[in-house]
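J.: This is the structure, below, for whatever I ask next.
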Amino acid sequence: LAGCDLLTISPDLLQKLADSDAAVERKLVADESADIEKIAIDEKTFRFMLNEDAMGTEKLSEGIRAFVADSAKLKKMIEELR
Numbered sequence: 018l019a020g021c022d023l024l025t026i027s028p029d030l031l032q033k034l035a036d037s038d039a040a041v042e043r044k045l046v047a048d049e050s051a052d053i054e055k056i057a058i059d060e061k062t063f064r065f066m067l068n069e070d071a072m073g074t075e076k077l078s079e080g081i082r083a084f085v086a087d088s089a090k091l092k093k094m095i096e097e098l099r
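Next up, the structure:
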């Protein structure tokens with residue numbers, strides 16, 4: 018996680034990080050990243066490609082459901098701090 022500028026993490030992991038005194042070493046450096054070719058596709062192509070990948074479709078849905086659940090937990094945590 019060290020080196021990520023923007024990241025969505027679960028409330029449980031957020032709490033573990035807050036409770037930790039461990040040193041954090043930067044792992045990701047933009048200047049050292051791989052130079053890969055950017056692809057551009059329209060929404061229709063994206064949806065077709067995603068639909069062709071059953072595991073990708075299921076993992077995306079799973080991730081969205083987890084994000085929604087964690088958003089509710091985080092909202093509750095913030096309300097409890099007020």
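Just so it is clear: in the sequence shown, position 50 is 67 by the working numbering, and no numbers are missing. We put the CB at the ideal spot given by N, CA and C, even for glycine. Being a predicted model, the structure only gives us computed values, none of them experimental.
#1: Quick one: complete alpha helix (DSSP H) runs, 4+ long, within the segment 25 to 75?
#2: Give every residue of the same chain whose Cβ lies closer than 8 Å to the Cβ of residue 74, excluding the five residues on either side of it in the sequence, and list them in chain order.
#3: Assuming residue 28 and residue 98 make a contact with CB atoms under 8 Å, what is their CB distance in whole Å?
#4: Work out the CA separation of residue 78 and residue 71 for me, nearest whole Å.
#5: Taking the C-alpha atoms as reference points, what is the distance between residue 62 and residue 40?
T.: Inspection of the coordinates gives the following:
#1: 28 to 36 and 60 to 69
#2: What you label residue 74 is simply residue 57 of the sequence shown in a count that begins at 1. So the list reads 67 and 68, once near-sequence residues are dropped.
#3: As a position in the sequence shown, residue 28 is number 11, starting the count at 1. As a position in the sequence shown, residue 98 is number 81, starting the count at 1. Not confirmed; about 12 Å, so no contact.
#4: For this step, residue 71 is matched to residue 54 along the sequence shown. For this step, residue 78 is matched to residue 61 along the sequence shown. Between the C-alpha atoms of residue 71 and residue 78 there is a straight-line separation of about 11 Å.
#5: Taking the sequence shown and counting its residues from 1, one reaches residue 62 at position 45. Taking the sequence shown and counting its residues from 1, one reaches residue 40 at position 23. The alpha-carbon separation between residue 62 and residue 40 amounts to approximately 44 Å.
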